[in-house]
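Following full-length UniProt numbering, the numbering of the sequence shown begins with 1 at its first residue and continues without gaps.
Note that beta-carbon positions come from the ideal geometry of N, C-alpha and C, so glycine has one too.
Owing to the predicted nature of the structure, the values given are computational and were not obtained by experimental measurement.
Down below is the structure, laid out as C-alpha cells.
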Amino acid sequence: MKITFLGTGTSQGIPVIGSDHPVCLSENFKDKRLRVSILVSWGAYTFVVDCGPDFRQQMLRAEVSKIDGILFTHEHADHTMGLDDIRPFFFRQGDIPLYAHQRVFTSLEKRFDYIFATENKYPGAPGVIKNVVENKPFVAGDLSIVPIDGLHHELQVFGYRFDKFAYLTDMKTVADAEIEKLQGVEVLVVNALQITPHQSHFNLEEALDFIAKVNPKRAYLTHISPHLGFHDAVEKELPENVFLAYDNLQITI
Ligand SMILES: [Zn+2]
Ligand SMILES: [Zn+2]
1 MKITFLGTGT SQGIPVIGSD HPVCLSENFK DKRLRVSILV SWGAYTFVVD
51 CGPDFRQQML RAEVSKIDGI LFTHEHADHT MGLDDIRPFF FRQGDIPLYA
101 HQRVFTSLEK RFDYIFATEN KYPGAPGVIK NVVENKPFVA GDLSIVPIDG
151 LHHELQVFGY RFDKFAYLTD MKTVADAEIE KLQGVEVLVV NALQITPHQS
201 HFNLEEALDF IAKVNPKRAY LTHISPHLGF HDAVEKELPE NVFLAYDNLQ
251 ITI
C-alpha cells in the first residue's frame, strides 16, 4: 500500500493569505502545506480521503489519472470544496463513488446541488455514486475499510482504517471503543493543529497521547497550523517513531 500526503495544512493552508507569521514566510518546502488530504493506493486501486479546495492542484501534482473513489471525513469546507474538480475523472471514468456519512451527503447535496440533480442535469456536471458510511466496516476496491468515529468539537467525524494503515483528521475526542479498532495498525496518521489547546482539534500533546494509546510502529502528524512551528524544529522534538507529515511525502506499508 502506498500513501501520498496530498496536503497537510489546516483549513487556511500554509502560507495563510496575507500572513506575516514566520512559518508562513518560511522558504522550506516542508513548511508549505495545502489543505489536508491523502491518496491511498494498493493493487489496482486508488482512493482519496477528502477533496478540499486544493484538490485540482493536488491531483496534478501527484499525477493522478484515475481514482476509484473519495472517502469523506466530514463536511467542512477544507475537506469538501474541490468536489467540482472530479470532472476530468468523471469524463473518463463515469460516475465517481463517494463514501460519507449521510449528514455529509446532505451538506454536499446543498452546496453541489447540480452534481446530485436527477432532473434537467447540466451535461458538463459530474456524476457521483452515493455510498453512505455508517460506523461499521464497508468494502472499497477489494479492501474492508473500518470507520473510526470521533468528535471534532461537537461534530461527528470519521477516520478510516485501511488494513495496517489508519488516517484520522479533525479529531478532538475519540472514545476508547473506537481506539480499540486501531489495534495492530502499523502506520497511523493523526491531526495535530498547534501547541496550545484548541476546542475542536488535537494539539500536539493530545496527538502524542493518542499515538501512545494506539501504539503504532510509526505515526505522522497532519492538519498543521503555522502555530505548530517550523517543520524542522518541531520534528526534532518528537518521539522517535513520530514524524511531521509534509506535502508530497510518500510512504509505503
Ligand atoms: Zn479540517
Ligand atoms: Zn473540520
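Helix, strand or coil: which one does DSSP assign to residue 214?
Annotated three-state conformation of residue 214 is helix, per DSSP.
Tell me, please, whether the segment 110-117 touches the segment 140-152 by the rule of three or more beta-carbon pairs shorter than 8 Å.
Touching, no.
Nearest to residue 239 by CA position, among 170, 208 and 36, is which residue?
When each option's Cα is compared against that of residue 239, the closest is 208.
Whole angstroms is fine: what's the gap from residue 245's alpha carbon to residue 8's?
Distance from the CA atom of residue 245 to the CA atom of residue 8, rounded to whole angstroms, is 7 Å.
Relative to the C-alpha of residue 243, which residue among 106, 198 and 232 is closest?
Taking residue 243 as reference, the option from 106, 198 and 232 with the minimal CA-CA separation is 232.
Is residue 162 near residue 190, with beta carbons less than 7 Å apart?
Not closer than 7 Å, so no.
Endpoints, the beta strand (DSSP E) within which residue 244 is located:
Following the DSSP letters along the chain, one finds residue 244 inside the beta strand (DSSP E) bounded by residues 242-244.
Exposed or buried, what is residue 136 when buried is set at 16 or more other beta-carbons lying within 10 Å of its beta-carbon?
Under this definition residue 136 is an exposed residue.
Please state the DSSP three-state secondary structure of residue 234.
Three-state result, residue 234: helix.
Residue 72 and residue 104 look like a contact to me (Cβ under 8 Å); what is the Cβ gap, rounded to whole Å?
With a Cβ gap of about 5 Å, residue 72 and residue 104 count as contacting.
By the DSSP assignment, the beta strand (DSSP E) with residue 47 in it spans what residues?
First-last of the beta strand (DSSP E) with residue 47: 45-49.
Going by the C-beta, is residue 107 closer than 6 Å to any heavy atom of ligand 1?
No; taking the cut-off as 6 Å, the Cβ of residue 107 has no heavy atom of ligand 1 nearer than that.
Provide the residue span of the beta strand (DSSP E) that contains residue 147, from first to last.
Judged by DSSP secondary structure, residue 147 falls within the beta strand (DSSP E) whose first and last residues are 143-152.
Taking Cβ positions, are residue 124 and residue 45 nearer each other than 7 Å?
Taking 7 Å as the Cβ cut-off, residue 124 and residue 45 do not qualify as a contacting pair.
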